[in-house]
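Taking the working numbering, the leading residue of the sequence shown gets 15, the next gets one more, and so forth. Cβ atoms here follow ideal geometry from the backbone N, Cα and C, with glycine treated the same way. Inspection log for the structure reproduced underneath, given as structure tokens.
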Amino acid sequence: MKNAIWMCFALVLFAACGGDNKAKGGECTALTAACTVNEDCCSANCDALTGTCTRIPGACVAADNDCQTGPDCCSFRCDNGLCSGDQCTSDGASCDNDSECCGGICGDGDTCTPLNPSCKTSGNTCGANTECCSKFCDGGTCSNSPSFCTQVGDTCTANNECCGGLCQIAAGATLGTCEQVPAGGATGCAGAGEVCAEGADYAGGPLPTCGGECCSRACFPYGPTGILVCQPPSGCKPTGELCSADSDCCGSIGSPDGDVSNVTCEKEAGFTIGRCNNGNSCSPAGAICRLQSVSCNANANCCAGNVLQFDTCHKDALGIPRCSVGVGVDCTTPPVGSTCATSADCCGLPCVPVPGSEFESVCGSTCQPSGAVCTTDTDCCAGLPCTLEPGAPSGFCGAPQGCSSYGQACDATNLCCNNVPCNANGFCINDVIL
């Protein structure tokens, strides 16, 4: 099982790898409902920031513990409110009731009906990554955790599980499939958490130039699995990323350059999640840009000044070129406390929200500890993942995962996950053109 040891270590506080939620037989709390402790939830995780039950990728509930739906369980099978020790029955195989089936439907001819006819949802048997909706066949079973969110087409029970921001559940059904939330504006790129490039087939070597298909221009190995996924960018969200409010987006009114760019979180009526659009005029602080020395296909017209004439495009802590707040960044004196849009304004330090402010962020003085606010793994201290729900403006630094994620600090005691090299500056970064 690919990097299973890391996954168990990373999620030990969340009852992962066959955890116990102190079951009483069908009495656990469903996803998105209010909770106070992990033991309240069918997912065995009560989110510390929101006070609601959420599912942590890679975490599952062991046999004979409380559940409400199959995806709560390691076996993907919930029988009469308890997780079964038997694996769910794959699509097309014989069944006696809905709960036996990986897709939750025992249909015509007493066989399991596929939840998604175009690919195999998680829990089904598989022989290759390409067979699975998650794009991850782990030990002969489609896994729902190649990333920190559930892939488009795979099984879900709540919107906040899905990389695309939407769990589409048919009337009367208990399980649905993750889809892309409908939104206008820039939707041609892959958002944070989506499997990118070679995905689970990546076995080392060169990473995709210019970030592949990712909105963030960052297609890098996900720490717990080593699978290539689109990384959440530092600070504000650039064009195409999921958002819940205008203030999440780079260049929105009230944020740096918002008075000229006027970027909004574009949503369809009735939806709470949308995507950051292109806005107007120039590219605001935090937007993806082209560097003076290396050119991928990105805008050179930063609001602070055209990149070809002014020093206005710098790499953030992940190596993503971002438009800066103003011209130039003097890193001889770390800009602690100064206004920022991303870590590109902070000489690699995290760009953190000001408590009580909707728009203002400032450069922090050091990496964020466990429990502190973050927008991406590089905000957190070495070995701490940033736990972030799709569409949320920020998350929190979680428990130690046993290795440093891509972009985090590294040394002899904090090794990089997935054999990513620790560069001369002490960070887990490959030499890749972005």
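With 16 other Cβ atoms within 10 Å as the buried cut-off, status of residue i
i, result
"T68", "buried"
"S379", "exposed"
"S89", "buried"
"S132", "exposed"
"P220", "exposed"
"V274", "exposed"
"G421", "buried"
"A37", "A caution first: A37 carries a pLDDT of 43, below 50, which makes its placement in the model unreliable, though a value can still be read off. A37 is buried by the Cβ-count criterion."
"G405", "buried"
"S98", "buried"
Collapsed DSSP secondary structure at residue i in the structure displayed
i, result
"S275", "helix"
"P85", "helix"
"D393", "helix"
"D152", "strand"
"N315", "strand"
"D54", "helix"
"C303", "coil"
"N432", "helix"
"G121", "coil"
"S261", "helix"
"D80", "strand"
"N320", "strand"
"D359", "helix"
"S113", "helix"
"D164", "Note that residue 164 is Thr in the sequence shown here, rather than Asp. Residue state, collapsed to three classes: strand."
Cβ pair residue i, residue j closer than 8 Å
i, j, result
"V457", "C303", "In the structure displayed, the chain extends from 15 to 448; residue 457 sits before or after that span and is not available."
"G190", "A184", "yes"
"P364", "D393", "yes"
"C257", "C228", "no"
"G117", "C126", "yes"
"V387", "V376", "no"
"P270", "T390", "no"
"G293", "G249", "no"
"C170", "T164", "yes"
"Q82", "R91", "no"
"E372", "G268", "yes"
Given residue i as reference, the closest of the options once Cα atoms are compared
i, options, result
"E193", "G342, I287, A214, D112", "I287"
"N432", "G154, G117, P235, A259", "P235"
"P383", "G370, P399, E372", "P399"
"G213", "C229, T188, T239", "T239"
"G121", "G409, A107, G153", "A107"
"A423", "A259, I443, C310", "I443"
"T2", "L332, K329, V243, R336", "The structure shown does not extend to residue 2, since the chain is modelled only from 15 to 448, so the question has no answer here."
"Q182", "E145, A232, G154, N130", "N130"
"T223", "C279, A314, I334", "I334"
"D78", "P85, D262, L96", "L96"
"A413", "G397, A426, C279", "G397"
"P85", "N111, N52, N138", "N138"
"E4", "C203, C140, A172, G440", "Nothing about residue 4 can be reported from this structure: the residues present for the chain run from 15 to 448 only."
"G300", "C327, F162, S307", "C327"
Sequence-distant residues of the same chain with beta carbon closer than 8 Å to residue i, five excluded per side
i, result
"L429", "C417, S418, C436"
"E282", "V195, P196, A197, G198, G288"
"N143", "K149, F150, C151, G213, A214, D215"
"T43", "C49, D54, C55, C56, C67"
"D124", "S108, C109, D110"
7 Å CB neighbourhood of residue i in its chain, flanking five on each side removed
i, result
"D168", "T135, S136, C147, S148, N158, T191, C192"
"G340", "A318"
"D325", "V341, G342"
"P128", "D105, G117"
"E41", "D80"
"S357", "S248, G249, D330, A331, L363, P364, C365, T392"
Chain-order list of residues whose beta-carbon lies under 6 Å from that of residue i (same chain, five-residue window excluded)
i, result
"E114", "T103"
"E208", "C177, C244"
"R231", "G225, I302, I334, L448"
"S408", "V387, T389"
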